[in-house]
Amino acid sequence: MPDMYSKMFLSFLATLSHVIFIVGQLVQSYWLASNVQNSRVSELDLIAVYTGIGLSLSMFLVLRSFFVVRLGLGASQSIFSILLSSLSRAPMSFYDSTPLGRILSRVSSDLSVVDLDVAFKFTAAVGTTMNTYAIL
Numbered sequence: 031m032p033d034m035y036s037k038m039f040l041s042f043l044a045t046l047s048h049v050i051f052i053v054g055q056l057v058q059s060y061w062l063a064s065n066v067q068n069s070r071v072s073e074l075d076l077i078a079v080y081t082g083i084g085l086s087l088s089m090f091l092v093l094r095s096f097f098v099v100r101l102g103l104g105a106s107q108s109i110f111s112i113l114l115s116s117l118s119r120a121p122m123s124f125y126d127s128t129p130l131g132r133i134l135s136r137v138s139s140d141l142s143v144v145d146l147d148v149a150f151k152f153t154a155a156v157g158t159t160m161n162t163y164a165i166l
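What follows is the structure, encoded as C-alpha cells:
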C-alpha cells in the first residue's frame, strides 16, 4: 500500500511540475508583452528577466522528466517481477517447445518498450493535454 501512495505522489509531483512550467510560460510571455514597449525597462533587463524565467522553467521540466522516469522505473520493475515469477512457474513442456533465445528476446523487447516508450508517450500525452487546456 505505501508503494501505491509513492506512485500517486510522484504522479502529483510530475503534474505539479508541468503546471508550474505552463504558468511560468504564461508569466514569461506576459512579462515580455507588457514591458517590450516600456521605456523604463532597459533591453538588458528585459532579456535578463526573460532568460531567468526560462532557465527556472527548464528546471521544472527536468524535475517533471525525473518524476516520470521514476514512475516508469517502478512500472518496469513491477512488470519484470511478475514476468519472472510467471516464467519460473511455467511447466517444463513450455521450455521444451520454446527456445530460450526467443524467451529472452521477448522479455527484453517488452521491457524495452516499457522503459522507453511508455514514459515518453505518457509525458507527451499529459503535457499536450495540459498545454491545450492552458491555451483555452
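Everything in the sequence shown is counted per this note's numbering, starting at 31 for the first residue and increasing by one. Glycine included, every Cβ here is placed at the ideal spot set by N, Cα and C.
Query, Result
"Would you call the segment 117-134 in contact with the segment 93-109, where contact means no fewer than 3 C-beta pairs closer than 8 Å?", "no"
"Taking just the CA atoms, how far does residue 110 sit from residue 140?", "9 Å"
"Kindly give me the distance between the Cβ atoms of residue 106 and residue 144, rounded to whole angstroms, as I take these residues to be in contact under 8 Å.", "5 Å"
"Using the Cβ count rule (16 or more neighbours within 10 Å means buried), how would you classify residue 94?", "buried"
"Going by DSSP, what residue range makes up the alpha helix (DSSP H) through residue 98?", "73-118"
"With respect to the alpha helix (DSSP H) encompassing residue 141, which residues constitute its N-terminal and C-terminal limits?", "130-142"
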